[in-house]
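Residue numbers (the numbering used here), protein chains in the order written: chain A, 1 to 674; chain B, 675 to 738.
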Amino acid sequence: MKKMHCRGGRAISGTRAGSTRFLKLLLVGIPLLSIEGSFLPAAPAEASRREKSVVILGIDGMDPILLQRFVEKGRMPVFQKLMEEGSFSLLQTSIPPQSPVAWSNFITGMDPGGHGIFDYIGRNLKTYQPAFSLTHIDEPGHTLHIGDWVIPVSAGKATLLRKGKAFWQMLDEHDVPYTISRIPSNFPPVDCKGRTLAGLGTPDLVGSYGTFSFFTDDPTFASLDVSGGAIYPVTVENDGIAAVLIGPENTLKTDKPLLRAPFAVYADRANRAAKILIGSTELILKVGEWSPWVEVSFDVIGPLRSLKGICRFYLKSIDPRFNLYVTPINIDPARPALPLSTPPGYVTELYKKIGFFYTQGMPEDTKALEWGVFDDGEYIRQARMVLEEQRRMLDCALDDYHGGLLFFYISTLDLCQHMLWRNMDPEHPAHSAEAALYKDQLEDFYAEMDAIVDHVMKRIPADAALIIMSDHGFSPYYRKFNLNTWLLENGYLELIDPAAMEASHLFGNVHWRRTRAYAVGFNGLYVNLRGREEKGTVREGAEYEALLDELGTKLLSLKDPETGEFPIKSVYRASEVYHGAETKNAPDLIIGYRRGYRCSDQSVLGDFTRDVFSYNMDKWSGDHCIAPEEVPGVLVSNRKLRVKDPRLSDFAATILALFDVDVSEAPASSRPIF
Amino acid sequence: MFDPKIKIDKDLFAKLKKAADIAGYSSVDEFIIHILEKEVSRIGGDSSSDEEIKKKLEGLGYIS
Numbered sequence: 001m002k003k004m005h006c007r008g009g010r011a012i013s014g015t016r017a018g019s020t021r022f023l024k025l026l027l028v029g030i031p032l033l034s035i036e037g038s039f040l041p042a043a044p045a046e047a048s049r050r051e052k053s054v055v056i057l058g059i060d061g062m063d064p065i066l067l068q069r070f071v072e073k074g075r076m077p078v079f080q081k082l083m084e085e086g087s088f089s090l091l092q093t094s095i096p097p098q099s100p101v102a103w104s105n106f107i108t109g110m111d112p113g114g115h116g117i118f119d120y121i122g123r124n125l126k127t128y129q130p131a132f133s134l135t136h137i138d139e140p141g142h143t144l145h146i147g148d149w150v151i152p153v154s155a156g157k158a159t160l161l162r163k164g165k166a167f168w169q170m171l172d173e174h175d176v177p178y179t180i181s182r183i184p185s186n187f188p189p190v191d192c193k194g195r196t197l198a199g200l201g202t203p204d205l206v207g208s209y210g211t212f213s214f215f216t217d218d219p220t221f222a223s224l225d226v227s228g229g230a231i232y233p234v235t236v237e238n239d240g241i242a243a244v245l246i247g248p249e250n251t252l253k254t255d256k257p258l259l260r261a262p263f264a265v266y267a268d269r270a271n272r273a274a275k276i277l278i279g280s281t282e283l284i285l286k287v288g289e290w291s292p293w294v295e296v297s298f299d300v301i302g303p304l305r306s307l308k309g310i311c312r313f314y315l316k317s318i319d320p321r322f323n324l325y326v327t328p329i330n331i332d333p334a335r336p337a338l339p340l341s342t343p344p345g346y347v348t349e350l351y352k353k354i355g356f357f358y359t360q361g362m363p364e365d366t367k368a369l370e371w372g373v374f375d376d377g378e379y380i381r382q383a384r385m386v387l388e389e390q391r392r393m394l395d396c397a398l399d400d401y402h403g404g405l406l407f408f409y410i411s412t413l414d415l416c417q418h419m420l421w422r423n424m425d426p427e428h429p430a431h432s433a434e435a436a437l438y439k440d441q442l443e444d445f446y447a448e449m450d451a452i453v454d455h456v457m458k459r460i461p462a463d464a465a466l467i468i469m470s471d472h473g474f475s476p477y478y479r480k481f482n483l484n485t486w487l488l489e490n491g492y493l494e495l496i497d498p499a500a501m502e503a504s505h506l507f508g509n510v511h512w513r514r515t516r517a518y519a520v521g522f523n524g525l526y527v528n529l530r531g532r533e534e535k536g537t538v539r540e541g542a543e544y545e546a547l548l549d550e551l552g553t554k555l556l557s558l559k560d561p562e563t564g565e566f567p568i569k570s571v572y573r574a575s576e577v578y579h580g581a582e583t584k585n586a587p588d589l590i591i592g593y594r595r596g597y598r599c600s601d602q603s604v605l606g607d608f609t610r611d612v613f614s615y616n617m618d619k620w621s622g623d624h625c626i627a628p629e630e631v632p633g634v635l636v637s638n639r640k641l642r643v644k645d646p647r648l649s650d651f652a653a654t655i656l657a658l659f660d661v662d663v664s665e666a667p668a669s670s671r672p673i674f
Numbered sequence: 675m676f677d678p679k680i681k682i683d684k685d686l687f688a689k690l691k692k693a694a695d696i697a698g699y700s701s702v703d704e705f706i707i708h709i710l711e712k713e714v715s716r717i718g719g720d721s722s723s724d725e726e727i728k729k730k731l732e733g734l735g736y737i738s
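And the structure:
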């Protein structure tokens with residue numbers, strides 16, 4: 001158990017991925033976020049660097065325990081050979097082990113004290129309101145009002161909040177060519193000379209992490225208040241349905257109506273099929289069939305200006321109930337409304353080679369499964385479609401690979417372990433006989449990773465350095481812990497109206513002048529500090545330090561009355577685990593939950609529940625936002641490791657070293673591991 | 675730039691001050707703000723934008 005000191009500071013700036021801002025970015029013009037690469041004639045040392053080959057597969061969430069289990073079962077012979085003849089090690093993950101944090105460590109060679117990403121969710125210092133922490137959208141500064149039209153005169157801007165130089169920007173200075181595909185924590189993509197494609201953190205067209213649409217005449221769905229999607233009750237009249245796809249707000253109009261793309265469906269019950277008409281596209285789908293990607297056009301200024309997106313339709317059923325699922329409206333790679341790549345045209349090049357593809361950062365539709373729109377089989381099928389697209393994209397990258405660095409990201413294991421852990425694990429409270437039908441699905445996906453590595457090895461030079469790594473491992477998520485309710489019950493936080501405890505949201509009911517500590521995000525605990533928070537109460541110095549000691553001690557000794565376990569394994573002080581100028585913006589304490597536990601959904605967003613502990617009955621049944629020592633990642637390579645404890649933040653120096661670049665150009669915290 | 679100001683009569687202010695002292699607030703300002711915040715929360719002040727923000731945040735898969 002660890003307990004360290006920390007010091008206070010300012011919070012990170014609030015962010016808001018509002019759909020309104022995305023439209024403004026499109027229509028006024030987006031500042032160029034990349035420059036075209038140009039390679040001058042290379043000096044001999046530089047020429048030899050460009051001939052070196054380094055290929056890194058980033059398999060998000062690959063877990064060392066599951067990896068070893070499936071290797072021992074004989075399902076992963078390629079990994080087995082690499083692990084025996086090359087290197088296999090645990091890979092130290094970030095504090096906390098969340099993907100935006102972990103990948104930022106990987107990218108910059110720094111910990112969150114350097115790059116400033118501490119959690120998926122941060123808070124606004126003035127309002128205490130939770131907000132996404134990776135990107136910020138600035139509205140246009142100047143607008144012109146003409147009638148009921150609002151014309152932006154200056155451009156808005158999407159800003160990546162991750163600080164620090166990316167390792168590929170370090171390679172730019174030595175003209176090493178690279179392709180960085182779908183890397184998280186890089187939307188919008190940073191300026192650089194090479195080819196990069198944004199990954200996790202990239203929104204859909206309405207500015208969310210992904211909002212599906214579900215058109216149904218089933219009344220049981222109509223009563224659901226879903227997140228990550230929208231349920232549209234429909235009435236089938238004469239076997240026909242008129243419906244609309246909803247886009248972002250039209251901020252060019254003073255009343256900001258939502259953009260709409262109408263479509264019609266004609267059901268053929270006898271043949272269990274439907275015809276869908278949208279724009280100039282006609283689709284015929286049988287029940288259980290997915291459409292190809294379809295372009296969707298939202299008229300912004302009548303027919304003069306429109307906003308393009310893409311989506312796919314899935315006809316789930318037609319009789320006795322009509323159920324039609326539509327994917328989130330993705331940013332169109334053929335005509336991207338937001339910057340998705342460097343150079344800007346790279347994403348369109350990809351589209352020309354492989355067709356349309358998911359551009360949103362987290363394409364596996366976990367929300368559709370969570371809300372029962374998909375069953376397990378349908379979710380797995382959609383996840384396979386995503387993997388298939390990623391494999392085509394990987395092949396495209398390999399076609400163009402002639403040395404230099406190739407980084408390719410695969411999301412499958414992470415999202416599927418989140419959703420399908422309960423299928424595999426009979427101990428999980430959400431396990432069932434029905435779920436057990438898919439108990440081997442995760443094993444099958446691990447085996448597919450083995451096939452992908454085999455394929456890559458056959459296509460890269462024999463002397464290429466091959467590295468397979470993950471940002472964190474995985475744990476079952478059995479029990480939820482509402483840290484904010486615990487703070488309330490233990491006198492650290494007070495409500496304005498205790499009777500309305502569960503009814504209010506986003507800290508709306510908190511009496512800040514009577515509150516000393518509050519929790520935001522999956523692992524963050526903040527002191528309500530005078531001079532930092534808008535309504536801070538705790539003084540810096542002795543009072544602050546004593547409070548941190550007290551909180552750490554109490555949390556580490558806290559017992560779950562139901563299980564008798566200690567849910568919190570570690571409590572870190574930011575000042576002792578983070579290094580760099582951004583440390584002042586960090587949570588005061590980072591809570592490391594024990595395997596099996598995680599912060600509850602409500603607590604993450606500043607909501608309260610009557611119970612501090614509860615069982616996790618959700619389909620989201622595996623997680624990793626816990627103590628980092630519980631969920632290390634994996635590192636497998638055909639090169640021999642020279643360190644016993646490799647870390648994510650070591651990759652910046654490692655990559656430079658593999659290209660014979662002076663490693664002092666990477667942060668001092670990063671060291672070569674081969 | 676001045677913060678918004680509200681006028682109340684002296685008798686009411688005196689009562690508020692006495693109540694604040696009895697209830698243990700550090701100042702009458704704190705007491706008045708607490709009462710007003712409680713009432714706004716009860717009525718449901720700017721709930722529409724809060725709902726929108728909450729929906730967006732809940733769209734992250736990690737939050738069920």
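By construction, the Cβ of each residue, glycine as well, lies at the ideal position given by its N, Cα and C atoms.
Item	Value
Looking at K728/B and L506/A, is the spacing between their C-beta atoms short of 8 Å?	yes
Under the rule that 16 or more other beta-carbon atoms within 10 Å means buried, what is G491/A, buried or exposed?	exposed
Starting from P476/A, trace the beta strand (DSSP E) both ways and give me its first and last residue.	S475 to F481
So is E36/A buried or exposed if we call it buried at 16+ other beta carbons inside 10 Å?	Here the model assigns E36/A a pLDDT of 35, short of 50, so the residue's position is not dependable and the matter cannot be decided.
Any Cβ of chain B within less than 8 Å of the Cβ of T202/A?	no
Below 8 Å, can you find three or more Cβ-Cβ pairs linking the segment 629-644 of chain A to the segment 495-515 of chain A?	no
Per DSSP, D172/A is paired with what?	According to DSSP, which records beta bridges pairwise, D172/A is partnered with nothing at all.
Smallest Cα separation from Y358/A: which of V661/A, P203/A, G109/A and L466/A?	P203/A
Is it true that the CB of I460/A sits closer than 8 Å to the CB of S53/A?	yes
On a Cα-Cα basis, can you pick out the residue from K353/A, V226/A, V373/A and R422/A that is closest to R321/A?	V373/A
Taking 8 Å as the CB-CB cut-off, is G733/B touching chain A?	yes
Whole angstroms are fine: how far does the CA of I59/A sit from the CA of I468/A?	7 Å
Determine whether the beta carbon atoms of L551/A and A517/A lie at a separation below 8 Å.	yes
For T108/A, which option in M457/A, F167/A and L57/A has the closest C-alpha, if you only look at C-alpha atoms?	F167/A
Counting contacts by CB-CB distance shorter than 8 Å, is V101/A in contact with chain B?	no
What are the partner residues of Y446/A, as DSSP defines its beta bridges?	Y446/A is not bridged to any residue.
Which one or two residues does DSSP pair with G675/A in a beta bridge?	Any question about residue 675/A goes unanswered here, given that chain A covers just 1 to 674.
Counting Cβ pairs closer than 8 Å, one from the segment 435-443 of chain A and one from the segment 213-224 of chain A, do we hit at least three?	no
Note down, in chain order, all residues in the segment 211-228 of chain A with a beta-carbon under 7 Å from any beta-carbon belonging to chain B.	T211, S227 and G228
Between W512/A and the rest of its own chain, which residues show a CB-CB distance below 6 Å, the 5 nearest in sequence each way excluded?	K535
For R272/A, I'd like the list of residues in its chain whose CB is within less than 8 Å of its CB, leaving aside the five on either flank, ordered along the chain.	K286, V287, I318 and D319
Considering only heavy atoms of the ligand COA, does any lie closer than 7 Å to the CB of D191/A?	The ligand COA is not part of this structure, which contains no ligands at all.
Distance check for D471/A and I410/A, CA to CA, integer angstroms please.	11 Å
Can you give me, in chain order, the residues of the segment 392-414 of chain A that have a beta carbon less than 7 Å from any beta carbon in chain B?	none
By Cβ distance below 6 Å, which residues in the same chain neighbour K353/A in space, the five residues on each side in sequence not counted?	C396
In the DSSP assignment, find the alpha helix (DSSP H) that holds K81/A and state where it starts and stops.	P77 to E85
Work out the CA separation of D375/A and L677/A for me, nearest whole Å.	The displayed coordinates of chain A run from 1 to 674. Any statement about residue 677/A would go beyond what the structure contains.
Spell out the partners DSSP gives V510/A in its beta bridges.	L495/A
Looking at chain B, is there any beta carbon in it that lies within less than 8 Å of the beta carbon of S208/A?	yes
A368/A: buried (16+ other C-beta within 10 angstroms of its C-beta) or exposed?	buried
Give the straight-line distance between the Cα atoms of R69/A and F79/A, rounded to the nearest whole angstrom.	12 Å
In chain B, which residues lie less than 8 Å from T366/A when you measure between Cβ atoms?	G735
Between A261/A and L277/A, what straight-line distance do the alpha-carbon atoms span, to the nearest angstrom?	11 Å
Only counting the same chain, and skipping five residues up and downstream in sequence, which positions put a Cβ closer than 7 Å to that of D425/A?	H431 and P476
With a Cβ-Cβ cutoff of 8 Å, do E680/A and T609/A count as a contact?	Outside the modelled stretch of chain A, which goes from 1 to 674, sits residue 680/A, for which no answer is possible.
Would you check if the segment 397-409 of chain A and the segment 169-180 of chain A touch, i.e. whether three or more CB-CB distances between them fall below 8 Å?	yes
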